[in-house]
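Residue numbers (this note's numbering), protein chains in the order written: chain A, 1 to 116; chain B, 117 to 232.
2 protein chains.
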Amino acid sequence: MTRRDPAYRLHGRVWIDGPEGTFLGFGRVVLLERIGEHGSISAAARSMNMSYRHAWDLVDSMNRQAKRPLIVSTTGGKGGGGARLTAEGKKAIAVFRAAWEDFKAFEARRSRDLDL
Amino acid sequence: MTRRDPAYRLHGRVWIDGPEGTFLGFGRVVLLERIGEHGSISAAARSMNMSYRHAWDLVDSMNRQAKRPLIVSTTGGKGGGGARLTAEGKKAIAVFRAAWEDFKAFEARRSRDLDL
DNA sequence: AAGCGTAATATACCGTTATGCATAACGCTG
DNA sequence: CAGCGTTATGCATAACGGTATATTACGCTT
Chain A
1 MTRRDPAYRL HGRVWIDGPE GTFLGFGRVV LLERIGEHGS ISAAARSMNM SYRHAWDLVD
61 SMNRQAKRPL IVSTTGGKGG GGARLTAEGK KAIAVFRAAW EDFKAFEARR SRDLDL
Chain B
117 MTRRDPAYRL HGRVWIDGPE GTFLGFGRVV LLERIGEHGS ISAAARSMNM SYRHAWDLVD
177 SMNRQAKRPL IVSTTGGKGG GGARLTAEGK KAIAVFRAAW EDFKAFEARR SRDLDL
């Protein structure tokens, strides 16, 4: 019988690389979702304790690498402006989430099978 | 038909966590192998352009977390001392390599299926 | 006993990455 | 038309991980 020691577990990370390096990762996707919920980059950043600067850089990186923008933003106006999640952005979230769920299953299975 | 865009690829990393955090990872396992080949931590570190300090810390971390040491070392003596890969160490390498190969297959399959 | 190359350990340095702060532009609202 | 909150951007600073360097201990070899 295969021994199972819960003291050892397989862990990992997955992300999607694009033309410039990292395109989508877990944090980036959460950011996309939060922007969709809050309607602005700054509120999304606050909600996940991330600096606005960093959040903006991530959005910029994703938009540059996507075929079409995942987030569109407006400056000035009602509430000072804001940001919106596009259909392309929703699809990106779905695609990454699917790969991520799949990986989580892989992780769990391989953790069970660890024979150390 | 599902679109395949080679511009996007799924990447990832896997490692095995132990009581203190990371126990085995790709770099750690290569280090174990090199120690087995060279017979010393310092030669192994040199062979992979890693500082001896870092290599020693990694070996120490692995030995602390393993049920039995993966590397045993002697200080002084012929050649100044050295380090040897134990049977436990060989097993650790095999276990990690297997999980790693499996993950590489996962990566390739998921990269093919990316629909972005 | 001296010399050698290694293990073992402390400390200072450096480079990358994220944070913090400061500023300008923007356009609706009162 | 002044005020507001946001986007957008630059620059200084802090945090962290690994590197580089230096020192001591060790025990066989000569």
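Ideal Cβ placement from N, Cα and C applies to all residues, glycine included.
Small disclaimer: the values here were computed from a predicted structure and weren't measured.
Check: Along the chain, where does the beta strand (DSSP E) containing residue 83 of chain A start, and where does it finish?; Outcome: 81 to 85
Check: Three-state secondary structure (DSSP) at residue 227 of chain B?; Outcome: helix
Check: Do you know offhand how far residue 125 of chain B's Cα is from residue 33 of chain A's?; Outcome: 21 Å
Check: From the DSSP output, in three-state form, read off residue 70 of chain A for me.; Outcome: coil
Check: At a CB-CB cut-off below 8 Å, which residues of chain A make contact with residue 131 of chain B?; Outcome: 10, 11, 12
Check: Between the alpha carbons of residue 104 of chain A and residue 172 of chain B, how many angstroms are there, rounded?; Outcome: 32 Å
Check: Sorted by chain position, which residues of the same chain lie with C-beta nearer than 6 Å to residue 145 of chain B's C-beta, five sequence neighbours on each side aside?; Outcome: 209, 212
Check: Kindly indicate which three-state DSSP category residue 137 of chain B falls into: helix, strand or coil?; Outcome: strand
Check: Does any residue of chain A bring its CB to less than 7 Å from the CB of residue 222 of chain B?; Outcome: yes
Check: How many Å lie between residue 191 of chain B and residue 181 of chain B at the Cα?; Outcome: 22 Å
Check: List, in chain order, every chain A residue whose beta-carbon is nearer than 7 Å to that of residue 152 of chain B.; Outcome: Per Cβ cutoff of 7 Å: no residues; residue 152 of chain B is ~18 Å from chain A at best.
Check: Residue 15 of chain A and residue 170 of chain B: beta carbons closer than 7 Å?; Outcome: no
Check: Can you pull the chain A neighbours of residue 135 of chain B, defined as C-beta to C-beta under 7 Å?; Outcome: 7
Check: Tell me the residue span of the alpha helix (DSSP H) that contains residue 116 of chain A.; Outcome: It is not in any alpha helix (DSSP H) - residue 116 of chain A carries neither H nor E in the DSSP assignment.
Check: From A/99, A/114, A/88, pick the residue whose C-alpha is nearest to that of residue 230 of chain B; which is it?; Outcome: A/99
Check: What do you get for residue 110 of chain A, buried or exposed, if any count of 16 or more other CB atoms within 10 angstroms of its CB means buried?; Outcome: buried
Check: Taking a Cβ distance cut-off of 8 Å, strictly less, list which residues of the region 164 to 178 of chain B are near chain A, in chain order.; Outcome: none
Check: Rounded to whole angstroms, what is the Cα-Cα separation between residue 179 of chain B and residue 185 of chain B?; Outcome: 5 Å
Check: Closest Cβ-Cβ distance between residue 215 of chain B and chain A: below 7 Å?; Outcome: yes
Check: Taking residue 87 of chain A as the query, report the chain B residues whose CB atoms sit under 9 Å from its CB, ordered along the chain.; Outcome: Per Cβ cutoff of 9 Å: no residues; residue 87 of chain A is ~13 Å from chain B at best.
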